[in-house]
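**Student:**
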């Protein structure tokens, strides 16, 4: 208003609505193999225009991509449609542009890979059911029973919702039924059903021990129940395998079973019973998962038998007590009595003198004191049970001293010893000869009860009397001895001892193969010997020598100088040193006393090869020890050389030649 005049004007007011994203989440989820609209609903004034990009590339309209006012529709989504979608909004009149980046994740419905086959669980045991599925994101799992109960909330049921397993502990019969697994994620669900059956452990309800008589028939019956009804087999503990159903290889035995619902009744029939049928029989009731066993005993009764009583005779002398024992096998156990088969027969009782009975069941011993000769004779052991009677005779004999020695031969004589060979008596007196006895004295100067005595075990080959005097005359007599005593001596004989002389040859100890001893050392050898008879004068030392030998023609030839050593008395052993490796030696030893040297005893040895010689003399794996053994075979060197010349193989010829040269190193053919 101006000067009381109303002034007016007219103008147009235009409002604008800015670009607003009303429904355009930045993270959206599509399901594979289905249609999905990526949402981008926008409000703006003036009206905007919208275009789309995927991973910074423009999306053109197609059958796969359909643009709508509030988004872009993707037909039949695949994993390739996953990515970042850009919803670009423009208001051209205002020069406004807005973008919304939308992350599209393609999800996949769960797909259970395989159906769990029906399972059998054992009562009181555990069982695991498996359910595995693919899907994106990873599905979670749940299990329900046929009553629709979710099992993760129940006792004894453990569900792993990430791995898909269901574990059932402490299985019960009521756990049998159908179980359903559901795999689910945000894209959907998949289900699978499986069946669980519970196998109950067989229960043996009846299995009794059986007693039957030999030659008769019997039946073992075993009754067992379970779910399902078990199969039953019988197994004798002494057999490696159980009896099969039907007639056995031993046709006396037949096995069968019959099922009635959850109960099985099995029978093992045995005809014409033998004693060997006695024993433990196992009833084995089994189903598909588990078995139950129970032992039963078949007792086969039989009359007494003395088959395992080897005693036929017993010996006594000078009133010594004699024991006679018998063993009666029988079921039931036999009662044993003793009868002396005199005239008339006498039933032996504890009240009778000269007798003592120990045991009257199964095994019994009768001790007899034969103070009078009429106690010798036949005794009968009688065993009785309800099935019969058996008897066994044992003769009580009177033992005697052995008879006279049959023959004595003077075998070898030195100045101080004499060796005999003895042939024992024909009559051993009823008991084994224990030893031979010799008495000897000088001439007839004193009686035999003052003579010296020597005893030897009977298993010796040579019987030697030592520490005699040279040039003395001795009188000998011989007898045999058993447990009763020394028998009569044979006829006396005289032996005149030789004069004093040099010792007997020492006996070299050591194992000799093919004429020589292999020595494990390269440069030494330990010689051991047995000290010989000194022939009346004390041995004062031993002379030991060694010398190199070679064997090129089947005979030993010596080379070089003989090396001598002297060994004083002491341990009968000596170490020979400074020997050469891989060399043959002849070693001799002689014993010496004031009368002179004994004849020599000798041995051939071969020292071990040095490592350097061993590698040279053992081409292509030929061992030094085999060379040693081959050389010791007479004529082998020439045979090997002929084989060497005849072979056509260069390699084999070289091998044979090197081996032959190793064992015959002195032969000119090896040069």
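In this note's numbering, the protein residues as written are 273 to 943. All C-beta atoms, glycine included, are put in the ideal place defined by N, C-alpha and C. The structure presented is a predicted model; accordingly, all values stated were derived computationally and were not measured.
1) Measure the C-alpha to C-alpha separation of residue 650 and residue 675 and round it to an integer number of angstroms.
2) Tell me, please, which residues DSSP counts as bridged to residue 668.
3) Taking contact to mean 3 or more Cβ pairs, one atom from each stretch, closer than 8 Å, check whether the stretch 567-576 and the stretch 537-548 are in contact.
4) From residue 705 to residue 565, what distance separates their C-alpha atoms?
5) To the nearest angstrom, report how far apart residue 665 and residue 652 are at their CA atoms.
6) Does any residue of chain D have a CB that is nearer than 7 Å to the CB of residue 630?
7) Nearest CA to the CA of residue 715: which residue from 505, 747, 292, 613?
8) Take the Cβ of residue 912 as the centre, count every other Cβ of all protein chains shown within 10 Å, and call the residue buried at 16 or more, exposed below.
9) So for residue 291, helix, strand or coil by DSSP?
10) At 3 residues or longer, and completely inside the stretch 333-385: list those beta strand (DSSP E) runs for me, N to C.
11) For residue 357, count the other beta carbons within 10 Å of its own beta carbon; 16 or more makes it buried, fewer makes it exposed. Which is it?
12) What number of angstroms, rounded off, separates the C-alpha of residue 796 from the C-alpha of residue 806?
13) What's the C-alpha gap between residue 774 and residue 589?
14) Of the choices 347, 308, 395, 459, whose alpha-carbon is the least far from that of residue 447?
15) Decide if residue 695 is buried, meaning its Cβ has at least 16 other Cβ atoms within 10 Å, or exposed.
16) Determine the DSSP secondary structure at residue 863, reduced to helix, strand or coil.
17) Taking residue 722 as the reference, give the member of 729, 710, 348 with the closest Cα.
18) Can you give the Cα-Cα distance for residue 578 and residue 602, rounded to whole angstroms?
19) Report the residue from 857, 790, 734 whose alpha carbon sits nearest the alpha carbon of residue 830.
20) With respect to the beta strand (DSSP E) encompassing residue 695, which residues constitute its N-terminal and C-terminal limits?
21) Do the stretch 428-437 and the stretch 352-366 meet, that is, are 3 or more Cβ pairs less than 8 Å apart?
22) Taking residue 457 as the reference, which of 851, 328, 384 has the closest Cα?
23) Go through its chain and collect everything with a Cβ distance to residue 292's Cβ below 6 Å, but skip five positions before and after it.
24) On the three-state DSSP scale, how would you describe residue 772?
25) Between residue 779 and residue 801, which are expected to be in contact by the criterion C-beta below 8 Å, what is the C-beta distance as a whole number of angstroms?
26) Am I right that residue 754 and residue 699 are in contact with their C-beta atoms under 8 Å? What's the rounded C-beta distance?
27) Would the stretch 374-390 and the stretch 296-307 be scored as touching if the rule is three or more Cβ pairs under 8 Å?
28) Look up residue 317 in the DSSP assignment and say whether it is helix, strand or coil.
29) Who are residue 507's beta bridge partners in DSSP?
30) So, at 8 Å on beta carbons, what are the nonlocal neighbours of residue 781 in its own chain, with the 5 sequence-adjacent residues on each side left out?
31) Three or more C-beta pairs under 8 Å: does that hold for the stretch 548-556 against the stretch 506-514?
32) Hey, residue 870 and residue 863: beta-carbon distance below 7 Å or not?
33) Based on the DSSP secondary-structure assignment, which residues constitute the bridge partners of residue 464?
34) Beta carbon of residue 671, beta carbon of residue 756: below 7 Å?
35) Once you ignore the five residues that flank residue 495 on each side, which residues in its own chain have a CB closer than 6 Å to its CB?
36) How would you write the range of the beta strand (DSSP E) that residue 637 sits in, first residue to last?
**Tutor:** So, from the listed chains and residues:
1) Taking the chain shown and counting its residues from 1, the one referred to as residue 650 is at position 378. Taking the chain shown and counting its residues from 1, the one referred to as residue 675 is at position 403. Each residue's Cα considered, the two are about 25 Å apart.
2) Counting from 1 along the chain shown, the entry for residue 668 is found at position 396. Beta-bridge pairing links residue 668 to 586, 649.
3) yes
4) To locate residue 705, count along the chain shown from 1; it is residue 433. To locate residue 565, count along the chain shown from 1; it is residue 293. Cα to Cα, residue 705 sits roughly 58 Å from residue 565.
5) Working through the chain shown from its first residue, we reach residue 665 at position 393. Working through the chain shown from its first residue, we reach residue 652 at position 380. Answer to the nearest angstrom: the Cα atoms are 4 Å apart.
6) This model lacks chain D altogether, as it is built from one protein chain only.
7) Working through the chain shown from its first residue, we reach residue 715 at position 443. Here the closest residue by C-alpha is 747.
8) Numbered from 1 along the chain shown, position 640 holds the residue referred to as residue 912. Because the pLDDT at residue 912 is just 42, under 50, the model does not fix this residue reliably, and the value given afterwards should be weighed accordingly. So residue 912 ends up on the buried side.
9) On the chain shown, residue 291 is found 19 positions in, with the first residue counted as 1. Looking at residue 291 - three-state DSSP - the assignment turns out to be strand.
10) The qualifying runs are 337-340, 343-346, 355-363, 368-384.
11) Residue numbering aside, residue 357 sits at position 85 when the chain shown is read from its first letter. By the neighbour-count rule (16 or more Cβ atoms within 10 Å), residue 357 is buried.
12) For the purposes of this step, residue 796 is identified with residue 524 of the chain shown, where counting begins at 1. For the purposes of this step, residue 806 is identified with residue 534 of the chain shown, where counting begins at 1. Distance between the alpha carbons of residue 796 and residue 806: 29 Å.
13) For the purposes of this step, residue 774 is identified with residue 502 of the chain shown, where counting begins at 1. For the purposes of this step, residue 589 is identified with residue 317 of the chain shown, where counting begins at 1. Rounded to whole angstroms, residue 774 to residue 589 spans 51 Å at the Cα level.
14) Within the chain shown, numbered from 1, the residue matching residue 447 stands at position 175. For residue 447, the nearest C-alpha among the options comes from 395.
15) In the chain shown, the residue the question calls residue 695 occupies position 423. The residue in question, residue 695, is exposed, as its Cβ has fewer than 16 Cβ neighbours within 10 Å.
16) On the chain shown, position 591 is the one that residue 863 refers to. Strand.
17) Here residue 722 is taken as the residue at index 450 of the chain shown, counted from 1. Closest by alpha carbon: 710.
18) As a first step, residue 578 is located in the chain shown; it is residue number 306 there, counting from the start. As a first step, residue 602 is located in the chain shown; it is residue number 330 there, counting from the start. Looking at the two C-alpha atoms, the distance is approximately 9 Å.
19) Translated into positions along the chain shown, residue 830 becomes position 558. Selected option, being the one with the closest Cα: 857.
20) The residue given as residue 695 occupies position 423 in the chain shown. Unbroken beta strand (DSSP E) run through residue 695: 690-695.
21) The stretch 428-437 and the stretch 352-366 do not touch, with fewer than 3 CB-CB distances between them shorter than 8 Å.
22) Counting from 1 along the chain shown, the entry for residue 457 is found at position 185. Considering only alpha carbons, the answer is 384.
23) Here residue 292 is taken as the residue at index 20 of the chain shown, counted from 1. Same-chain partners within the cutoff: 315.
24) By one-based count along the chain shown, residue 772 stands at place 500. Coil.
25) Numbered from its first residue, the chain shown carries residue 779 at position 507. Numbered from its first residue, the chain shown carries residue 801 at position 529. By a beta-carbon distance limit of 8 Å, residue 779 contacts residue 801. Their separation comes to about 6 Å.
26) Here residue 754 refers to the residue found at position 482 of the chain shown. Here residue 699 refers to the residue found at position 427 of the chain shown. Actually they are not in contact, since the Cβ atoms of residue 754 and residue 699 sit about 10 Å apart, beyond 8 Å.
27) yes
28) Taking the chain shown and counting its residues from 1, the one referred to as residue 317 is at position 45. Here residue 317 sits in strand by DSSP.
29) By 1-based counting over the chain shown, the position of residue 507 is 235. In the DSSP output, where bridge partners are listed per residue, residue 507 has 554.
30) Within the chain shown, the letter at position 509 stands for residue 781. By the criterion of a C-beta distance shorter than 8 Å, residue 781 is surrounded in its chain by 800, 801, 802, once the five residues flanking it on both sides are discounted.
31) yes
32) Numbered from its first residue, the chain shown carries residue 870 at position 598. Numbered from its first residue, the chain shown carries residue 863 at position 591. Yes; because the gap between Cβ atoms is below 7 Å, this pair is in contact.
33) Against the chain shown, residue 464 aligns to sequence position 192. According to DSSP, residue 464 bridges with 453.
34) Numbered from 1 along the chain shown, position 399 holds the residue referred to as residue 671. Numbered from 1 along the chain shown, position 484 holds the residue referred to as residue 756. Cβ atoms of residue 671 and residue 756: closer than 7 Å.
35) On the chain shown, residue 495 is found 223 positions in, with the first residue counted as 1. Excluding positions up to five away in sequence, the list reads 477, 478, 537.
36) To locate residue 637, count along the chain shown from 1; it is residue 365. Start and end: 635-640.
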